[in-house]
Each structure stands twice: as structure tokens, then as C-alpha cells.
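Taken in sequence, the protein lines are chains A and B. For the first sequence, position 97 matches number 448 in this note's numbering, and the numbering has no gaps at all. For the second sequence, position 34 matches number 385 in this note's numbering, and the numbering has no gaps at all. Backbone N, C-alpha and C fix where the C-beta goes; we use that ideal spot for every residue, glycine too. The structure presented is a predicted model; accordingly, all values stated were derived computationally and were not measured.
There are 2 protein chains.
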Amino acid sequence: MLNVNPERFLADLHRLRDFGAAGVGKGVVRPAFRAPDIAAREWLAERMQAAGLVPRFDPVGNLFGLAAGPSLLIGSHSDSQPEGGWLDGALGVIAGLEIARAAQEAGGPAISVVSFQDEEGRFGVTTGSAIWGGALALEVADQQADGQGITFASARAAMAHLAGDFVDPGQFTGFLEMHIEQGPWLFEAQEAVGVVSDIVGIRDMRMTFEGEQNHADTTPMHRRRDAFQALGRFNAMINDRFRNVVTPQTVWTIGHVRLHPDAHSIVPGLAEFSMQWRDGDRDRLRRMEEIIHSTAAQVAKEMEMTVTFGPMLGLEPVAMDARLQAALRESAEAEVPGRWRSMQSGALHDATNVARLMPAAMLFVPSINGISHAFGEDTDEADLRVLAGAAMRAA
Amino acid sequence: MLNVNPERFLADLHRLRDFGAAGVGKGVVRPAFRAPDIAAREWLAERMQAAGLVPRFDPVGNLFGLAAGPSLLIGSHSDSQPEGGWLDGALGVIAGLEIARAAQEAGGPAISVVSFQDEEGRFGVTTGSAIWGGALALEVADQQADGQGITFASARAAMAHLAGDFVDPGQFTGFLEMHIEQGPWLFEAQEAVGVVSDIVGIRDMRMTFEGEQNHADTTPMHRRRDAFQALGRFNAMINDRFRNVVTPQTVWTIGHVRLHPDAHSIVPGLAEFSMQWRDGDRDRLRRMEEIIHSTAAQVAKEMEMTVTFGPMLGLEPVAMDARLQAALRESAEAEVPGRWRSMQSGALHDATNVARLMPAAMLFVPSINGISHAFGEDTDEADLRVLAGAAMRAA
Numbered sequence: 352m353l354n355v356n357p358e359r360f361l362a363d364l365h366r367l368r369d370f371g372a373a374g375v376g377k378g379v380v381r382p383a384f385r386a387p388d389i390a391a392r393e394w395l396a397e398r399m400q401a402a403g404l405v406p407r408f409d410p411v412g413n414l415f416g417l418a419a420g421p422s423l424l425i426g427s428h429s430d431s432q433p434e435g436g437w438l439d440g441a442l443g444v445i446a447g448l449e450i451a452r453a454a455q456e457a458g459g460p461a462i463s464v465v466s467f468q469d470e471e472g473r474f475g476v477t478t479g480s481a482i483w484g485g486a487l488a489l490e491v492a493d494q495q496a497d498g499q500g501i502t503f504a505s506a507r508a509a510m511a512h513l514a515g516d517f518v519d520p521g522q523f524t525g526f527l528e529m530h531i532e533q534g535p536w537l538f539e540a541q542e543a544v545g546v547v548s549d550i551v552g553i554r555d556m557r558m559t560f561e562g563e564q565n566h567a568d569t570t571p572m573h574r575r576r577d578a579f580q581a582l583g584r585f586n587a588m589i590n591d592r593f594r595n596v597v598t599p600q601t602v603w604t605i606g607h608v609r610l611h612p613d614a615h616s617i618v619p620g621l622a623e624f625s626m627q628w629r630d631g632d633r634d635r636l637r638r639m640e641e642i643i644h645s646t647a648a649q650v651a652k653e654m655e656m657t658v659t660f661g662p663m664l665g666l667e668p669v670a671m672d673a674r675l676q677a678a679l680r681e682s683a684e685a686e687v688p689g690r691w692r693s694m695q696s697g698a699l700h701d702a703t704n705v706a707r708l709m710p711a712a713m714l715f716v717p718s719i720n721g722i723s724h725a726f727g728e729d730t731d732e733a734d735l736r737v738l739a740g741a742a743m744r745a746a
Numbered sequence: 352m353l354n355v356n357p358e359r360f361l362a363d364l365h366r367l368r369d370f371g372a373a374g375v376g377k378g379v380v381r382p383a384f385r386a387p388d389i390a391a392r393e394w395l396a397e398r399m400q401a402a403g404l405v406p407r408f409d410p411v412g413n414l415f416g417l418a419a420g421p422s423l424l425i426g427s428h429s430d431s432q433p434e435g436g437w438l439d440g441a442l443g444v445i446a447g448l449e450i451a452r453a454a455q456e457a458g459g460p461a462i463s464v465v466s467f468q469d470e471e472g473r474f475g476v477t478t479g480s481a482i483w484g485g486a487l488a489l490e491v492a493d494q495q496a497d498g499q500g501i502t503f504a505s506a507r508a509a510m511a512h513l514a515g516d517f518v519d520p521g522q523f524t525g526f527l528e529m530h531i532e533q534g535p536w537l538f539e540a541q542e543a544v545g546v547v548s549d550i551v552g553i554r555d556m557r558m559t560f561e562g563e564q565n566h567a568d569t570t571p572m573h574r575r576r577d578a579f580q581a582l583g584r585f586n587a588m589i590n591d592r593f594r595n596v597v598t599p600q601t602v603w604t605i606g607h608v609r610l611h612p613d614a615h616s617i618v619p620g621l622a623e624f625s626m627q628w629r630d631g632d633r634d635r636l637r638r639m640e641e642i643i644h645s646t647a648a649q650v651a652k653e654m655e656m657t658v659t660f661g662p663m664l665g666l667e668p669v670a671m672d673a674r675l676q677a678a679l680r681e682s683a684e685a686e687v688p689g690r691w692r693s694m695q696s697g698a699l700h701d702a703t704n705v706a707r708l709m710p711a712a713m714l715f716v717p718s719i720n721g722i723s724h725a726f727g728e729d730t731d732e733a734d735l736r737v738l739a740g741a742a743m744r745a746a
């Protein structure tokens with residue numbers, strides 16, 4: 352068994368939190384490529400070197416700490432949301448660092464560490480690992496801009512003086528990522544860890560109902576073709592129809608709505624909205640899509656409107672590697688017997704992209720109160736021992 | 352019977368349309384105090400003078416053409432929406448001008464004419480007549496700004512060189528306004544005119560459901576407090592509950608919706624929306640308000656949210672003068688027997704404000720295809736004869 356050091360692990364975790372510490376609860380403000388993120392990565396590179404690893408920045412800000420020869424890669428991301436929890440991905444990076452350090456001290460096995468860049472999507476979605484994994488072309492990423500119009504190309508130029516080549520994934524035998532769950536399941540069940548079976552797939556698109564804009568004072572109800580009313584009817588109908596198809600893990604969301612002209616006294620002629628749904632099963636995603644299309648068509652027909660669909664973003668569910676899952680399960684049963692579960696990930700993670708390159712698996716730790724990406728995350732170090740045990744079994 | 356001249360009437364109507372002619376169908380672009388509006392009013396003042404009336408601009412841009420001694424006032428407004436129909440209020444102004452002209456030629460009765468300013472609400476709601484009628488203080492109006500931040504005070508300064516004092520309403524025996532219906536009732540029934548019985552009252556407020564903002568990827572459906580879903584449920588419930596209370600003339604509208612943070616992947620924690628309802632009966636307006644409050648409270652309780660209500664705009668229904676209504680009804684039956692009706696006005700008009708000063712009544716003419724305030728309005732001149740006949744009966 353590796354002799355991981357919880358005090359050293361926690362000291363590093365607290366030191367990392369200093370970069371971008373928000374002064375509000377336990378939050379950090381460390382978006383990708385902002386000064387606190389770059390400073391945190393420079394400090395991480397020093398810690399990697401001190402742990403006997405060779406630090407390497409790639410051209411897109413991903414930071415690796417490389418062990419010699421073939422190695423198991425452990426890590427996550429150290430960038431945060433504009434207002435992020437202090438643990439989030441940072442926990443997985445520092446856990447990787449501590450396990451690699453303990454492994455160096457023990458004379459093996461060979462463990463490398465990684466902190467991917469822009470997992471939080473200032474410029475895209477899991478940008479750094481998506482480029483490394485081949486899901487996103489560098490030329491395409493370079494064109495992507497953040498909310499202020501700053502491109503990925505100009506943002507990464509701020510780290511050009513640190514950058515080497517892309518790291519050859521062939522040197523890694525597999526990837527383990529530990530991450531805050533971000534959902535409530537583990538916390539509600541008072542369980543210590545979750546072994547991720549698969550990462551759910553996503554479907555996301557914009558839809559638009561178009562009826563007729565008219566004055567709200569003089570247009571009788573029976574003459575209206577009110578696009579907001581179409582949205583309301585559509586929403587109620589899919590909520591009802593989904594019940595026969597979904598599981599307790601399935602989610603769907605209308606998070607964006609824009610009416611036109613969006614005025615008190617005008618019957619809205621247009622309602623644009625987002626429709627997003629997530630599930631681990633490709634067939635269920637497809638059945639939900641059919642319900643969305645047929646319901647929207649029915650509402651449009653009944654209310655004499657048109658409905659249009661924007662391009663659909665489709666990310667397929669990703670299964671975690673069977674052998675690495677087994678290593679995590681065995682370690683969990685040894686360290687926290689009866690206090691773990693096998694579970695889906697509802698969120699995307701860097702492991703989604705890394706799974707294209709090598710066997711990959713994930714370990715979830717509870718998110719206190721189930722609040723994801725918000726100030727207030729916390730955990731303890733049993734999870735560190737579970738991850739270390741899995742690394743020994745897998746390496 | 353007055354000898355109104357339809358050719359002269361139509362020639363003036365077409366000439367007025369030239370000011371701000373949009374070059375698109377029959378629309379005009381003549382918002383209050385913009386150059387085309389001021390030019391149109393200067394031309395109208397000349398036409399009033401030529402008709403034997405004394406033109407007078409008041410300090411807020413209302414233009415009167417005054418007959419000597421006590422007189423009946425006829426008119427409407429000549430400003431338009433940013434994209435308005437060419438007839439809208441212009442029809443009522445030119446009709447008043449033609450009837451006053453014919454009356455001057457006939458040696459009586461004494462008819463004055465008015466074109467109120469900013470009926471379309473660039474700065475407020477029926478601004479010019481509201482100030483004259485005492486519903487809106489000049490000092491308050493002066494602070495009101497249009498969509499570009501231009502205040503009423505600075506806008507009316509553009510007409511200061513034309514302005515005299517406010518006109519004494521004591522010289523008028525009553526007010527008749529002819530206006531495009533803006534609703535579909537007359538056009539659908541193929542009727543020639545409508546005699547307005549009363550102008551409906553309005554209730555208007557903003558409401559906000561507040562639940563909990565959370566990530567859409569990891570928050571299970573049973574844990575969500577989704578403010579958009581609260582809005583959806585509220586909307587469906589009031590649509591259902593109103594059915595026991597409303598008449599075919601009652602209208603209600605959710606025309607504005609703002610979600611926060613309004614992102615595809617985030618469960619909206621907040622939904623702000625407008626709730627507006629109109630009816631001619633004060634008691635029905637109150638019963639609808641009770642349904643809105645009790646339904647919102649129920650939804651908030653069931654979904655563990657809060658609901659808040661912004662300040663409520665309340666305009667009471669306004670009854671038209673009985674004697675002037677009778678004059679309009681008798682004239683309609685004489686000119687277009689069987690092809691007129693008594694009806695409510697769902698929209699506010701200048702007559703709402705003038706009714707505070709003197710007996711007032713309105714005549715509606717059909718809006719082709721029921722499209723209000725849009726390019727494409729049209730009518731014929733039977734309505735001119737109905738209005739002239741009513742003026743003779745009332746004067």
C-alpha cells in the first residue's frame with residue numbers, strides 16, 4: 352500500500368486555494384489563463400519537480416508532471432468557474448500529485464500527474480483535454496472567444512513562454528480522475544465515494560415557436576397566436592410524456608427563453624428557447640428527441656404556428672474502462688466498505704476526452720449539500736486513500 | 352346635414368401620409384416630436400387656418416384648431432408608432448378638419464379640431480392628452496425618457512417656438528374621437544362602424560418566481576426548484592381558472608419573460624415576467640387579480656419558491672358620455688343602417704383623458720384584417736358621414 356500523507360496533501364490543497372482565493376467562504380476565482388490560474392500552474396509545476404516528476408506545459412496550457420517510462424496518469428483540472436468551489440477539479444490534481452509523490456518515495460509504481468486547462472469552458476467545453484484527446488481541432492479552438500470576445504488563441508499566448516510540445520499519450524497506461532460529484536446523490540446517501548460507470552450523453556438545441564405579434568389590448572384571446580403560450584403548452588406536454596421514458600437520473604432543462612418583442616402590451620410573436628436533455632443511454636436520448644419533435648409539431652399545428660429547430664449538439668455517453676473501474680471498486684470496498692456506489696456522471700469531465708486516448712475511469716467524492724460549482728464544497732481524505740489504492744491495483 | 356367633401360377629406364389624408372411615409376405599403380414613420388411629426392403639425396396648422404380656424408400649439412405639442420365661441424371638439428392624434436399604420440389616429444384628425452371646414456362653410460355649428468401629441472407613448476401613455484386632461488403632471492412628464500434616453504422636456508423644446516399657452520377646455524361642449532378599431536371585431540363582422548360604450552380598464556405588473564439556480568447537468572429533477580417551471584405551471588393554471596370569470600372581450604397577456612441566468616446548462620433560479628389583463632368591468636378586473644395572487648401563492652408553495660409582485664399599474668374603465676353615444680348611434684343608424692354595433696374599446700385612447708374634462712365619445716372604424724398598428728390599415732369614407740351626422744346632432 353502506498354504511504355500517502357494526508358497532511359501534505361491538505362497543505363498543498365490549501366496552498367493551491369490561495370491562487371484566486373475569493374475571500375468569500377471557500378470559493379476561488381481562477382478562470383483559465385487569468386493571472387491566478389497561470390500562477391497556480393507555475394506553482395504546481397514546481398511541486399511536480401519537487402516530487403521527482405518532469406513538469407511539461409503543452410501549447411494549450413495543460414500541465415503534466417511526467418514520471419519516467421510508461422506510467423499511470425492521474426489528475427483533473429485546476430482552473431475554476433468565474434466563481435468556483437475550491438475543491439472541484441483541484442482536489443483531483445493535488446490527489447494525483449500526492450499519490451505520484453508517495454509512489455516516487457516508495458520506488459514505484461510510475462505515476463504521472465496532469466492539470467488540464469479550461470475544463471470549465473471559458474472558451475468551449477473541457478477545452479484543454481478536448482484538444483489533447485482529438486475531439487477539438489486546435490485551429491477551431493483558437494477561433495473560440497470568451498464572453499468578452501477574447502479568443503483562445505490570444506489567451507494561450509499568455510503562456511507561450513512556458514509551452515513545450517504536446518505530450519505523447521502513448522506513454523500512459525491509463526487515466527484516473529477524482530472529482531467532486533457536483534450532484535447530491537453521494538451526500539444524500541452519506542456515502543464516501545462513487546465509482547463512475549459512464550458519463551452521460553447530452554443533446555442540446557435551440558427551438559423557436561413563431562406565431563403572430565399583435566397588440567395585447569385589442570387582440571381577442573381566440574385570435575391570438577401567442578408564441579409564449581405555445582412554449583408553455585409544449586413544456587407541460589413534454590414534462591408529462593417524458594415520465595414514461597426517463598429514469599431518476601435523466602434530466603432535461605429549459606434554461607434560456609427569449610420572447611420577441613418582449614413587451615408587456617404586445618402578444619409575443621416569437622419564443623426562442625433552449626432544450627437540453629441528458630441521459631446515460633443513447634436509445635433513451637433518441638426517444639426523448641422523438642417526443643420533443645412530435646410534441647413541438649403537434650403544438651405548432653394546434654396553435655397555427657411554425658416551429659424550427661437549431662443545430663443539435665450531440666455528445667454520446669462514454670463508458671469508463673472496465674479494468675480501471677474494478678480497481679476503483681476493490682479499493683473503495685477495502686477503504687470505505689459499504690459506503691460507496693457505482694454511479695453515472697451527469698456532467699462532462701476531462702475523462703470524457705481522455706477516454707479517446709487510453710483506458711480511463713473516475714472517482715466521485717460527495718458535494719456538500721449537493722451545490723455544484725458554488726462556494727461551499729468540502730470533503731475529507733478517505734477518498735485520497737481510495738484513489739491511491741486503485742492506482743496501486745491498476746499500475 | 353353638413354356637406355362634407357370626401358375628395359377633399361381623402362386628399363388631406365393622403366397629404367398627411369406624406370409626412371414620414373415609410374415607402375413600405377401604407378405605413379408611416381412619424382413618432383412624436385421627430386421631424387416628420389413636427390412638419391406634419393405645421394402643415395395641419397396651415398390647413399386649420401385655411402379652414403377658418405385659429406391654430407394653437409400648446410406647450411406639450413398638442414395642436415388645436417379653434418372655432419370662435421363654445422364649440423364641439425373633434426380629433427385624435429397625428430403621431431404614429433415607430434412603424435405605424437397611415438390611418439390610425441390621423442383619420443380622426445383629418446375627419447375633424449373636414450367636418451370643421453364644412454361647418455364653417457355652412458355657417459355652423461362651431462367645430463374645433465385637435466391633434467394630440469404622443470398618443471403612441473414615445474414618452475409615456477397618451478402623453479399629450481394625459482397632461483391636458485390632468486392625469487399626468489407636466490413636471491413628471493418632463494422627466495420621462497424614450498428608449499434612447501431623450502426626455503420629454505428636451506423633446507418638446509423642439510416645438511417651443513410654436514408653443515402658446517394650454518387651451519382652456521371650458522370652451523368645448525364635448526369631444527368626439529374617430530379612430531381605427533385596432534381589433535378584429537368590426538372587420539370580421541363586416542360592419543362599417545362601432546360606437547364605443549366604454550374604454551376598458553387595465554391592470555399591469557411584473558411578477559417574479561425565485562427558486563434555486565443550479566447546474567442542469569447534475570441536479571436531479573426531484574431536487575430542482577426551477578423558476579421557469581413555476582412560470583409554466585402558473586400560466587397553465589390561470590388560463591384554466593380565468594375561464595370561469597372572463598368574457599370574450601377580456602384579454603390577458605404574458606408578453607415579457609426574463610430568466611436568470613438564462614443559460615442552456617443552468618436551472619433558472621429566477622423568472623421575472625409581465626402580467627397584464629384588461630376588461631371593461633372593475634369587479635372582473637378585481638376577481639382576476641385575486642386568481643393571479645392565489646394561484647401564484649399556490650405554485651410558490653407547492654414548488655418551494657418565493658413569488659413577489661411589482662407595483663401594479665391600474666387604470667379604471669372609462670364610460671363614454673351617454674348623450675354623445677346616442678348622437679353617434681342615431682347617425683350610424685341613419686348612414687349605415689344595420690352595419691354598426693355598440694362595443695368596448697380594449698385600447699386606451701386620447702378620449703380616456705379628455706373624458707376627465709368634458710363629455711366624450713368615440714367612433715371606431717374597421718381595421719382591415721384586424722392588424723393593429725401595422726402597415727396595411729385601410730377604410731372608406733362612410734365613417735366620415737357618420738361622424739359628421741353625430742356632430743350635427745350633438746352640437
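Item: Please decide whether Ser431/B counts as near chain E, where near means a Cβ-Cβ distance under 9 Å.; Value: The structure shown contains no chain E; the protein chains it does contain are A and B.
Item: With a threshold of 6 Å on Cβ separation, who are the neighbours of Gly403/B within its own chain once the five nearest residues in sequence on each side are excluded?; Value: Gln455
Item: Alpha carbon to alpha carbon, how far is Arg692/B from Arg680/B?; Value: 8 Å
Item: Go ahead and pull the three-state DSSP assignment for Ser693/B.; Value: strand
Item: Is the stretch 403 to 422 of chain B in contact with the stretch 458 to 466 of chain B, if contact means three or more CB pairs nearer than 8 Å?; Value: yes
Item: Output the boundary residues of the alpha helix (DSSP H) element that contains Gln400/B.; Value: Ala386 to Ala401
Item: Determine the burial state of Gly436/B: buried for a count of at least 16 other Cβ atoms within 10 Å of its Cβ, exposed for fewer.; Value: buried
Item: Give the secondary structure of Ser645/B by DSSP, where H, G and I count as helix, E and B as strand, and everything else as coil.; Value: helix
Item: List, in chain order, every chain A residue whose beta-carbon is nearer than 7 Å to that of Phe579/B.; Value: Ile605 and Val608
Item: Nearest to Gly371/A by alpha carbon, out of Ala362/A, Met671/A and Ala390/A?; Value: Ala390/A
Item: Pick out the complete beta strand (DSSP E) segments inside the stretch 550 to 625 of chain B, 3 residues or longer, and give them in chain order.; Value: 552 to 561, 602 to 604 and 608 to 611
Item: For chain A, check one thing: does any of its Cβ atoms lie closer than 9 Å to the Cβ of Asn586/B?; Value: yes
Item: Report the partner residues of Thr657/A according to the DSSP bridge assignment.; Value: Glu561/A
Item: If distances are taken between C-alpha atoms only, which option among Glu563/A, Pro571/A and Asp591/A comes closest to Ala581/A?; Value: Glu563/A
Item: Select from the stretch 435 to 456 of chain B all residues with a C-beta closer than 7 Å to any C-beta belonging to chain A, and list them in chain order.; Value: none
Item: Indicate the three-state DSSP secondary structure (helix, strand or coil) for Trp536/B in the structure shown.; Value: helix
Item: Across the stretch 736 to 743 of chain B and the stretch 675 to 689 of chain B, are there enough close Cβ pairs to call them in contact, namely three or more that are closer than 8 Å?; Value: yes
Item: Once you ignore the five residues that flank Ala396/B on each side, which residues in its own chain have a CB closer than 7 Å to its CB?; Value: Pro406 and Leu414
Item: Would you verify that the beta carbon of Glu471/B is, or is not, closer than 9 Å to some beta carbon of chain A?; Value: no
Item: Out of Arg638/B, Ala647/B and Leu610/B, point me to the one whose CA is closest to Thr601/B's CA.; Value: Arg638/B
Item: Please list, in chain order, the chain B residues whose beta carbon lies closer than 7 Å to that of Val618/A.; Value: Thr604 and Gly606
Item: State yes or no: is the C-beta of Val544/B within less than 9 Å of the C-beta of Met671/B?; Value: no
Item: Note down, in chain order, every chain B residue with its Cβ under 7 Å from the Cβ of Gln695/A.; Value: By Cβ distance, chain B contributes nothing, its closest Cβ being about 10 Å from Gln695/A, past 7 Å.
Item: Report the partner residues of Ala712/A according to the DSSP bridge assignment.; Value: Leu527/A
Item: With DSSP as the reference, label Val411/A as helix, strand or coil.; Value: coil
Item: Run the proximity test for Leu636/B: is its beta-carbon closer than 8 Å to any non-hydrogen atom belonging to the ligand SAH?; Value: What this structure holds is no ligand at all, so the ligand SAH is not there to describe.
Item: Mark Gln494/B as exposed unless 16 or more other C-beta atoms lie within 10 angstroms of its C-beta, in which case mark it buried.; Value: exposed
Item: From the beta carbon of Val597/A, is the nearest beta carbon of chain B less than 9 Å away?; Value: yes
Item: Look up Leu664/A in the DSSP assignment and say whether it is helix, strand or coil.; Value: strand
Item: For a contact defined as C-beta to C-beta under 7 Å, what are the partners of Ser625/B on chain A?; Value: His615
Item: Counting contacts by CB-CB distance shorter than 9 Å, is Asn590/A in contact with chain B?; Value: yes
Item: Quick one: complete beta strand (DSSP E) runs, 3+ long, within the stretch 459 to 487 of chain B?; Value: 462 to 467
Item: On the premise that Phe624/A lies in contact with Val608/A, defined as a C-beta separation below 8 Å, what is that separation, rounded to the nearest angstrom?; Value: 5 Å
Item: Which two residues bound the contiguous alpha helix (DSSP H) that contains Ile450/A?; Value: Ala441 to Glu456
Item: Quick check on DSSP: helix, strand or coil for Gln627/A?; Value: strand
Item: Would DSSP call Leu417/A helix, strand or coil?; Value: strand
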